[in-house]
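In the working numbering, the protein residues as written are 70 to 263.
C-beta atoms are modelled at their ideal positions from N, C-alpha and C, and glycine is treated no differently.
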Amino acid sequence: MPRIKGLKDISFAKLLTDVAGKEATYDTVKKYERSVTAKITPKSESETEYSDDNVEEVVNQFSQIDVEIELNMISTQTRAFLQGSKVVNGILIESKDDVAPYVAMIFKAKKSNGKYRYVCLYKGKFELSEDNYETEADKIKTQTASLKATFMAREFDGNYRLMADEDTEDIVAADLEKWFTAVPTVPIETTSEA
């Protein structure tokens, strides 16, 4: 089984509407910076039910996804977009009143067989980014940018993530070709008659 060995094209799209029972809408998907790392940590709540002196059932429920990404850098435009700040005449203005938008995050990860895994997280909000600066010394040391976000299920349909392996037998190539042109939609199940 091929292993994940790469990461590229982390892209974002602003979530415009997300209402139960009505299709969620997004702005244009855009790649901002180059990808270095991504850590996706789904979380769930768990409760163990006991009866007759034994475990009767374990109930698990999705809670959220914690996301940490590292980018080669974070421009003022990217920071403004993810934090809900603004840029005026090329200058980033950060305010206590900024409200970060909900966004979808899309990326792909190369596998050891040369094929890709495609991932879309539907609804999340990024925290303020941390800045690290260091004086120049004898050896060159560059800085990257780390960002944290919390992703959740959409109100519209309860979905929080899509994941597709390019080398899966029943994958529809056309679905993957559109992955970065718009936020991917949930595929419709088709049944074949024997």
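Where THR117 sits in the DSSP three-state scheme: Locating residue 117 in the sequence shown gives position 48, where the first residue counts as 1. In the three-state scheme derived from DSSP, where H, G and I count as helix and E and B as strand, THR117 is classed as strand.
Pop quiz: ALA218 and PHE131 are said to be a contact at Cβ under 8 angstroms. What is the actual Cβ separation, rounded to whole angstroms? In the sequence shown, the residue the question calls residue 218 occupies position 149. In the sequence shown, the residue the question calls residue 131 occupies position 62. ALA218 to PHE131, Cβ: 16 angstroms. No contact.
ASP87 to ASP122, Cα distance in whole Å? Here residue 87 is taken as the residue at index 18 of the sequence shown, counted from 1. Here residue 122 is taken as the residue at index 53 of the sequence shown, counted from 1. When only Cα atoms are considered, ASP87 and ASP122 end up about 44 angstroms apart.
State the beta-bridge partners of ARG148 as determined by DSSP. Translated into the one-based positions of the sequence shown, residue 148 becomes position 79. Looking at the DSSP output, ARG148 shares a beta bridge with no other residue.
Member of GLU118, SER120, GLU137, GLU114 whose CA lies at the smallest distance from the CA of ASN129: Taking the first residue of the sequence shown as position 1, residue 129 is located at position 60. Among GLU118, SER120, GLU137, GLU114, the Cα nearest to that of ASN129 belongs to GLU114.
Assigned exposure category for LEU85 - 16 Cβ within 10 Å defines buried: Here residue 85 corresponds to residue number 16 of the sequence shown, with the count starting at 1. With fewer than 16 other Cβ atoms within 10 Å, it is exposed.
Simplified DSSP state of ASP236, which is helix, strand or coil: Indexing the sequence shown from 1 puts residue 236 at position 167. Three-state result, ASP236: coil.
Pick out whichever of ASP135, LEU140, GLU199, CYS189 has its Cα sitting closest to the Cα of ASP234. The residue given as residue 234 occupies position 165 in the sequence shown. The candidate whose alpha carbon is nearest that of ASP234 is CYS189.
Taking just the CA atoms, how far does SER120 sit from LEU216? Translated into positions along the sequence shown, residue 216 becomes position 147. Translated into positions along the sequence shown, residue 120 becomes position 51. Answer to the nearest angstrom: the Cα atoms are 44 angstroms apart.
Please name the residue, chosen from PHE150, VAL157, ILE160, that lies closest to LYS194 on a Cα-to-Cα basis. Your numbering for residue 194 matches position 125 in the sequence shown. Among PHE150, VAL157, ILE160, the Cα nearest to that of LYS194 belongs to PHE150.
Rounded distance between the beta-carbons of MET232 and ILE79, thought under 8 angstroms: As a first step, residue 79 is located in the sequence shown; it is residue number 10 there, counting from the start. As a first step, residue 232 is located in the sequence shown; it is residue number 163 there, counting from the start. 15 angstroms between Cβ atoms; not a contact.
Measuring alpha carbon to alpha carbon, tell me which residue in ASP239, TYR229, VAL241 is nearest ILE134. Looking up residue 134 in the sequence shown gives position 65. The shortest C-alpha separation from ILE134 is found at TYR229.
Please report the residue range of the alpha helix (DSSP H) in which GLU246 lies. As a first step, residue 246 is located in the sequence shown; it is residue number 177 there, counting from the start. Segment 242-246, the alpha helix (DSSP H) holding GLU246.
What span of residues does the beta strand (DSSP E) with LEU85 cover, start to end? As a first step, residue 85 must be located in the sequence shown, where it is residue number 16. Taken as a continuous stretch (DSSP letters only), the beta strand (DSSP E) holding LEU85 covers 77-88.
Let me know the secondary structure DSSP gives TYR229 once reduced to three states. Looking up residue 229 in the sequence shown gives position 160. TYR229 falls in the coil class under three-state DSSP.
Are three or more beta carbon pairs between the stretch 192-208 and the stretch 240-258 nearer than 8 angstroms? No: the two stretches stay apart, fewer than three of their Cβ pairs being nearer than 8 angstroms.
Do ILE36 and ALA178 have their C-beta atoms within less than 8 angstroms of each other? The chain is shown from 70 up to 263; residue 36 falls before or after that span and cannot be answered.
Can you tell me the Cβ-Cβ gap for SER144 and TYR101, rounded? I've got them flagged as a contact below 8 angstroms. Numbered from its first residue, the sequence shown carries residue 144 at position 75. Numbered from its first residue, the sequence shown carries residue 101 at position 32. Contact holds; Cβ gap of about 7 angstroms.
With DSSP collapsed to three states, give me the class of GLU137. By 1-based counting over the sequence shown, the position of residue 137 is 68. It is a strand residue.
CA-CA distance, ALA93 and PHE225? Numbered from its first residue, the sequence shown carries residue 93 at position 24. Numbered from its first residue, the sequence shown carries residue 225 at position 156. Distance between the alpha carbons of ALA93 and PHE225: 6 angstroms.
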